Every structure is written in C-alpha cells, then in structure tokens.
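The sequence shown maps to residues 40 to 181 in the working numbering.
Idealized CB from N, CA, C, for every residue including glycine.
Note that the structure is a prediction, hence the values are computed from the model and not measured.
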Amino acid sequence: ASVEALNSRSVSANAGYSFSTAFLNLAGVPDDDNLAEFVGQKWHAYPCTGSMKMDRELKDTILHFAGHLHREAVASAAALAVDRQRSADPAVQAMLARPQPCNTAYDRFLAQQPQCKSGDDGVCCRICIQGPCRISAAVPKG
C-alpha cells in the first residue's frame, strides 16, 4: 500500500487504481451506466496490489470489496453532480446533499418525472409560483 500526503492527510490505496481513479478528470465522460463502466475500466487498468484471497471478515476478496466501495463512491459523486445541476445556490446544494425530514419542491419534481410536455409548448408557465405541475399516474398531464 502506498501512503501519500494530500492536504495534510494520509491517503492510501491498497487495491486497484483507486487513488488515481479518484482524481480522474471525469468532465465530458458520459453519465449514468457509461460513467460506471468508464470508472470500472480505469479501476482494472492498473497493476493490482490487492489480494485475491478470500477475506474471512469481508466474505469477499479485498480487490472486489474495494471495487464495490469504489462504485458506491462513484454513484454518490454522480448524485452530487445531479444536485449541482438542479441549483446554482450553494445553500440549496448543501440541502440536497443531505436527506431531508420532509419533501421539498426538488423531491416533488423528481417524483413527477417524466413531466408533461405542455411547458415545452409554452402552454404552462415553467416558473409558476405553484411549482411544477402536480402530475401523477392518475393525472398524466399538468
């Protein structure tokens, strides 16, 4: 395992390409499934130092367990990127990054996907004070 100083903290990477993959520039990389595949390819492109022996506590190999943690981190980072696209306000981004005890307008918007296309045709106002149209399976149009 290598240990390096990063912002006055110790960082180690004991399996795969984890340290370098964490600092990849992912700008322009396709999102969704393609992002996970891209990161997975980078993960396997490095001479591995992790053991392929079964770990009794993990009930998996260290390399595979580290890969699962890596995929979870990519999913978390992708969710943060989506939150940043939903609002430019740093306070809203901080709110969206944490579970809320109540539904917000952002939660309601996500639950209403796909939205009706009336707004695309200019039939309804996208900046309505009432928020996004309250569509549901029973009422598919706003």
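Contact check, residue i vs residue j, beta carbons under 8 Å
i, j, result
"residue 113", "residue 144", "no"
For residue i: DSSP bridge partner residues
i, result
"residue 99", "94"
Own chain, CB closer than 8 Å to residue i, minus 5 neighbours either side, in chain order
i, result
"residue 146", "139"
Cut-off 7 Å between Cβ atoms - residues of its own chain near residue i, not counting five sequence neighbours on either side
i, result
"residue 100", "90, 91, 92, 93, 94"
Own chain partners of residue i with C-beta closer than 6 Å, once the 5 adjacent residues on each side are dropped
i, result
"residue 104", "97"
"residue 80", "none"
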